[in-house]
Amino acid sequence: MRFATYCRHRRRAWTPTRTGFTLVELLVVIAIIGVLVGLLLPAVQAAREAARRSQCSNNLRQMGLGFQNYHSAKNHFAPGWLEDYNPVRAERKSNFLWGAVILPYVEQAALHSQLDFNKQSTAGTPGGAVDNIDLISTELPGYRCPSDQIEANSSSIAANGGFTPAIPSLAVSNYVGSGTTCLVCYFGQLPDKSDGTNIDVVGACRQLPLLAPLAQLTRQNGVMYRNSDTPIRQITDGTSNTFLIGERIFGDIVDPGTGTTFFSQAFWATLPAPSSNQQACYAGLAVAATRFENALKAPMINGHPYGFSSRHAGGVQVAMCDGSARFIRDEIDEYTVEYLVRISDENSIGEF
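All residue numbers for the sequence shown refer to the UniProt record's numbering, where the first residue is 1 and numbers rise by one.
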């Protein structure tokens, strides 16, 4: 009896082992996990941006190689864009950009063969047979920087009287050619001829130093511009010291000097309309300029809508005329930038 009573009392005194967490312990674990995530997230984001920047650099090298192969075949670099001298300026063609011209040299020969370079780049009826107007909306990953994918892949262009046709969709690019140190919205269409004559239009070009007399030019002083056919032999400053292509964001860009916000954009296929039909600013969609019409001191690098710009912290990536890719920092001296745009100014360039 005593033994039975003792055992019964022992059974009542036993309690099971606890297997869960208390609320305090759970909160401590969650806090630790939060701290670890906070420490790791910037590193993960930095690694992803490094991968995107590397892919962007690879895009530039591929395009640089495409230009080299184009030069080997044609003995000159591809033109900034194609625009003839039709007496009716609104009907000038084809307005296709360098991005369309080099398609066979960047593994896009099939698309290039579908484009009709004998017509205006916007020719055709949207949604009908496969015409230029439909093909210019084709998105090409090789012409997009992965760091700018948050923005739209295409843009529509509204009709503007006899100057610009309605374009339902125009594929975005993040790369533009290196074109000029002049004010692109005043003389971006050069070279040009006066109507009814064979007389060259002369542009007044503001160059550094700003107090120097305006330069008188009949064509641009960079590698690419309207109907350009720049051979390497004319790049006397050296192909490793001359810009060929640079980045351009699709979206707002702020002039760091004035705080003014502009909209920046570029396309791989075409200008919306002929630049020489009172649309000189359209030239800035094909090639970059050191200067912008009302922001003479805005820097070309991440400073105005017709320069080079990127989502990468601290600067932009470019391809040089030798096919190499470089990172150009925001702090680069403005004189050095001008020397890197001009192909034959004979100015010496240090480290950049």
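Where a beta carbon is used, it is the ideal one built from N, C-alpha and C, also for glycine.
Would you identify the three-state DSSP class for residue i, choosing helix, strand or coil?
i    : result
S57  : helix
N74  : The question names Asn, but residue 74 in the sequence shown is Lys. Residue state, collapsed to three classes: helix.
N241 : helix
P168 : strand
Q216 : strand
W98  : helix
S113 : helix
L39  : helix
Y6   : Its pLDDT being 46, under 50, Y6 is placed unreliably by the model, and the measurement read from it follows with that caveat. Three-state DSSP puts Y6 in a helix.
M1   : Confidence is the limiting factor: at M1 the pLDDT is only 44, short of 50, which leaves the residue's position unreliable, though a coordinate-based value still follows. It is coil, neither helix nor strand.
Q68  : helix
G128 : coil
Please classify residue i as buried or exposed, where buried requires at least 16 neighbouring CB atoms within 10 angstroms.
i    : result
S156 : exposed
Q189 : buried
L23  : exposed
R89  : buried
R92  : buried
L340 : buried
Q216 : exposed
S240 : exposed
T236 : exposed
F3   : Annotation note: pLDDT 46 at F3 (below 50); position unreliable, no value reported.
Should residue i and residue j be called a contact, given that it needs their Cβ atoms to be closer than 9 Å?
i           : j    : result
F262        : D255 : yes
G307        : A286 : no
A325        : L60  : yes
S57         : F327 : yes
R248        : S310 : yes
L111        : L135 : yes
P305        : F77  : no
V318        : G246 : yes
A266        : F250 : yes
L208        : Y335 : yes
L244        : G177 : yes
P87         : D192 : no
residue 408 : G303 : It is not possible to answer for residue 408, since the shown part of the chain is limited to 1 through 352.
L214        : E83  : no
G66         : V35  : no
Taking residue i as part of the beta strand (DSSP E), name the residues at either end of that continuous run.
i    : result
S154 : S154 to I157
F263 : T261 to S264
F327 : A325 to R329
V176 : Y175 to L183
E107 : First-last for E107: undefined, no H or E at that position.
Out of the options, which one is the CA nearest neighbour of residue i?
i           : options                  : result
M224        : R61, I343 and N86        : I343
A269        : N118, A90 and T138       : T138
N227        : P141, D195, S54 and A283 : A283
N160        : S121, V316, K93 and Q279 : Q279
residue 380 : R53, F77, C281 and G179  : An answer regarding residue 380 cannot be provided, because it is not within the stretch 1 to 352 covered by the chain.
A152        : F163, S169 and G162      : S169
S275        : A50, G38, N75 and S94    : S94
W81         : P104, F117 and M63       : F117
I133        : Q114, Y105 and P146      : Q114
R206        : S147, D200 and T290      : T290
P104        : V130, Q62 and G127       : Q62
Q120        : A100, Q108 and A109      : A100
V172        : P146, D330 and Y186      : P146
Please report the residue range of the alpha helix (DSSP H) in which residue i lies.
i    : result
I133 : N132 to L135
V341 : E334 to V341
Kindly say whether residue i, judged by its beta-carbon, lies nearer than 9 Å to any beta-carbon of chain C.
i   : result
E25 : Among the chains in the structure shown there is no chain C, since it carries only a single protein chain.
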